[in-house]
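Chemist: All the letters of the sequence shown, read from the start, carry residue numbers 1 to 283 under UniProt numbering. Using N, Cα and C, we set each Cβ at its ideal position, and we do this for glycine too. One structure is given below, represented as structure tokens, and several questions about it will come after.
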Amino acid sequence: MPARLRRAPQELRPPPTRPAAWEASVVFSTEHFSAPAVLDATGTEAMLEWTELLAAFRHKQLHGGPLIDAKRLKRALSGNGVPASLRAEVWLTFSGASERMHANPGLYEELSKGVEGDTQCTSTTDSAGHGHANQHAHLVVLEQIEKDLRRTEIGSDGGKLCAMRRVLCAFASHKPSIGYVQGMNFIVVALLGVFDEAATFWMLSLIVDAWLPDHFSASLMGSQIDARVLSILTAEHLPALAKRLHDLDVTVQDLHGMTAHSSRAAMLPIAAAVLPSLPHAER
């Protein structure tokens with residue numbers, strides 16, 4: 001058989017180096033030319049739906065007509081939720097707070113003038129016509145607001161604290177029979193994350209007057225009922241926890257500050273689902 005030809009071994013050479021300019025161009029392309037953005041069809045659909053609902057509500061205000069179908073509102077809420085860019089307008093509109101605001105133009109601005117220099121609450125509104133005892137009680141309320149301001153959100157900047165002060169003091173002057181109840185401060189700081197000051201004031205007024213009046217009464221009956229219901233549910237669904245509390249001789253009713261704790265922990269998640277409620281919808 002013919003002998004096979006053998007090739008002489010070749011020296012292994014490293015692969016050719018690429019010019020630095022070429023590498024730089026690759027880095028440049030990966031940094032500055034990303035893949036095209038994908039359209040968020042879900043968000044777009046939600047935006048269109050809530051825009052139509054707001055337009056329908058305005059048309060009803062101007063021209064009358066049937067109320068917005070409650071089922072449609074529920075589908076919009078349970079489906080894609082309310083887009084962040086429309087959240088303030090939707091909440092204010094469908095909660096009914098916008099009607100209160102438009103029925104009392106300039107009221108918040110007038111009430112908030114009683115906060116002198118953004119440094120402390122004053123009793124210039126509503127207290128002048130009261131007796132000495134009522135004026136003293138009003139001053140006590142305003143002092144309590146000052147104490148609770150920095151407890152609400154540690155590290156809050158001066159602007160946010162001043163806004164909270166103005167809203168809480170304005171409400172205390174507007175509703176002297178209620179004044180200020182601990183828990184309002186957490187509600188206000190959450191609302192200010194969505195609304196401007198005037199809208200926050202009217203949302204607070206709606207929550208306290210219409211939605212949760214018993215939670216802010218002198219007896220705090222609403223909070224006591226909440227504590228009792230929570231105690232029953234704990235025993236039913238979390239028996240180990242209920243037994244531990246019993247062994248420690250602690251009841252849920254002993255856990256004070258139900259309004260403050262619940263509003264602080266759950267205000268925004270609950271608001272996202274509840275604030276666009278159905279007072280204007282056909283039930």
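(1) Go through its chain and collect everything with a Cβ distance to G65's Cβ below 8 Å, but skip five positions before and after it.
(2) Does D196 come out as helix, strand or coil in the three-state DSSP assignment?
(3) Taking all protein chains shown into account, decide if G79 is buried (16 or more other Cβ within 10 angstroms of its Cβ) or exposed.
(4) Alpha carbon to alpha carbon, what distance is there between F216 and V188?
(5) If Y180 sits next to A190, beta carbons under 8 Å apart, how far is it from one beta carbon to the other, in whole angstroms?
(6) Between A76 and A70, what straight-line distance do the alpha-carbon atoms span, to the nearest angstrom?
(7) Express the C-alpha separation of G96 and A103 in angstroms, rounding to a whole number.
(8) Got a sec? Which residues, its chain only, sit under 6 Å from A199 by beta carbon, not counting five neighbours each side?
(9) To the nearest angstrom, how far is it from the Cα of K175 to the Cα of R150?
(10) Where do the N-terminal and C-terminal ends of the alpha helix (DSSP H) with S78 fall, by residue?
(11) By Cβ distance, which residues of its chain are closer than 8 Å to D209, with the 5 residues on each side in sequence left out?
(12) How many Å lie between S219 and D196 at the Cα?
(13) For E31, which residues in the same chain have their Cβ closer than 6 Å to its Cβ, ignoring the five residues on either side in sequence?
(14) Taking the alpha helix (DSSP H) that Y108 falls in, what are its first and last residues?
(15) Could you say which of Q61, A84, S85 lies nearest to K98 if we only look at CA atoms?
(16) Specify, as a first and last residue, the run of the alpha helix (DSSP H) that G159 falls within.
(17) What is the residue span of the alpha helix (DSSP H) that P231 lies within?
(18) Taking A97 as part of the alpha helix (DSSP H), name the residues at either end of that continuous run.
(19) Hey, how far is the Cα of C169 from the Cα of P213?
(20) Report the residue from A84, C162, F94 whose alpha carbon sits nearest the alpha carbon of L53.
(21) Can you give the Cα-Cα distance for residue 284 and G159, rounded to whole angstroms?
(22) Would DSSP call L248 helix, strand or coil?
(23) Is P105 near G43, with beta carbons less than 8 Å apart?
(24) On the three-state DSSP scale, how would you describe L212?
(25) Alpha carbon to alpha carbon, how far is I178 from F201? Give it in angstroms, no decimals.
(26) Find the nearest neighbour of M203 within the set A56, H63, M101, A46, judged by alpha-carbon distance.
(27) H138: buried (16+ other C-beta within 10 angstroms of its C-beta) or exposed?
(28) How many angstroms separate the CA atom of A35 from the CA atom of S205?
(29) If you count every other CB in all the chains shown that lies within 10 Å of the CB of E49, and 16 or more means buried, which is it?
Modeler: Based on what the coordinates show:
(1) H59
(2) coil
(3) exposed
(4) 14 Å
(5) Between A190 and Y180 the Cβ distance is about 16 Å, and since that is not below 8 Å, they are no contact.
(6) 10 Å
(7) 11 Å
(8) L92
(9) 23 Å
(10) 70-79
(11) K175
(12) 31 Å
(13) At E31, the pLDDT of 44 sits below 50, so the modelled position is not reliable and the matter cannot be decided from this model.
(14) 107-112
(15) Just to set this straight, residue 98 is Ser in the shown sequence, not Lys. Closest option to S98, Cα to Cα, is Q61.
(16) 158-174
(17) In the sequence under discussion, the amino acid at residue 231 is Ser, which differs from the Pro named in the question. Note, S231: alpha helix (DSSP H), 221-237.
(18) 97-103
(19) 18 Å
(20) F94
(21) An answer regarding residue 284 cannot be provided, because it is not within the stretch 1 to 283 covered by the chain.
(22) coil
(23) no
(24) coil
(25) 14 Å
(26) M101
(27) buried
(28) At A35 the pLDDT is 43, less than 50, meaning the model places this residue with poor confidence; the figure from the coordinates comes in the next sentence. Distance between the alpha carbons of A35 and S205 is about 48 Å.
(29) buried
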